[in-house]
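Notes follow the structure.
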Amino acid sequence: MKKWKTIASEYFYKTPFGNLRKDTCQLSNGIVIKDYYVNEYADWVNAVVITEDNKIVLVKQYRHAGNDFFLEIPAGKVEENETHEEGILREIREETGFASKSAPVKLGEYMVNPATQTNKIITYLIQGAYQASVQTLDSTEEIQVMLVDLNDFGRLIRAGEIKTQLFTASAYYMAMDYIASPRLVSS
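In full-length UniProt numbering, the protein residues as written are 1 to 187.
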């Protein structure tokens, strides 16, 4: 098995949100795929934010493609010249007004959909969060902050009692695994 060879590429559009590219690719067996579409997006960051009293900080917002309101963890794209950690701390502050004295714990870095997208999502856990300020939303954002008991959130996901997306569900389960896992203590 070998990587595909890109013979040609052309852009259908480029925007600040993302680009759509059409590639012509040759497989290792010689077959040529003429119309392979790739969505180029910036990396995203998200975080499971847990308050000092064991609540998960969630944001409720309308998602146009999903045609409904969804309950999600804070997330967003990384700005130019910003590290992933700086990006998620900024997003949390802007969307929720929450902060923490504890450093973010990186839970993982994953391709979103490597079949058709170029971006990754980097997921963090932030513990000991507290309300530090008010939201500072963009003019196109309408976000309601909600606090849910951390241990109850998994039941709500499993029972389908809330509308959420895969990134929130997977991040929650990664965070719960991290919290439950014993860690080595160096002496």
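For each residue, glycine too, the CB sits at the ideal point set by N, CA and C.
Whole-angstrom distance between residue j and residue i, CA atom to CA atom
| i | j | result |
| --- | --- | --- |
| valine 105 | isoleucine 126 | 6 Å |
| alanine 169 | threonine 136 | 25 Å |
| tyrosine 124 | isoleucine 179 | 12 Å |
| aspartate 23 | isoleucine 121 | 23 Å |
| glycine 97 | alanine 132 | 6 Å |
| glutamate 94 | valine 38 | 30 Å |
First and last residue of the uninterrupted alpha helix (DSSP H) at residue i
| i | result |
| --- | --- |
| alanine 75 | Looking at the DSSP string, alanine 75 is not in any alpha helix (DSSP H); the run it does join, the beta strand (DSSP E), is 75–77. |
Boundaries (first-last residue) of the beta strand (DSSP E) holding residue i
| i | result |
| --- | --- |
| leucine 147 | 144–149 |
| leucine 20 | 19–26 |
| threonine 6 | 5–14 |
Beta-bridge pairing of residue i - partner residues as DSSP gives them
| i | result |
| --- | --- |
| isoleucine 31 | DSSP, once it has assigned bridges, lists no residue as partnering isoleucine 31. |
| cysteine 173 | With the sequence shown as reference, residue 173 is identified as tyrosine, and cysteine is not the correct amino acid for it. In the DSSP output, where bridge partners are listed per residue, tyrosine 173 has none listed. |
With 16 other Cβ atoms within 10 Å as the buried cut-off, status of residue i
| i | result |
| --- | --- |
| alanine 115 | exposed |
| glycine 87 | buried |
| serine 187 | Residue placement at serine 187 cannot be trusted, given a pLDDT of 49 that sits under 50; what the coordinates show is reported in the next sentence. By the neighbour-count rule (16 or more Cβ atoms within 10 Å), serine 187 is not buried but exposed. |
| valine 134 | exposed |
| phenylalanine 153 | buried |
| isoleucine 56 | buried |
Ordered list of beta strand (DSSP E) runs contained in the UniProt domain "Nudix hydrolase" (40–170), each at least 3 residues: 44–51, 55–63, 68–72, 75–77, 105–111, 120–131, 144–149
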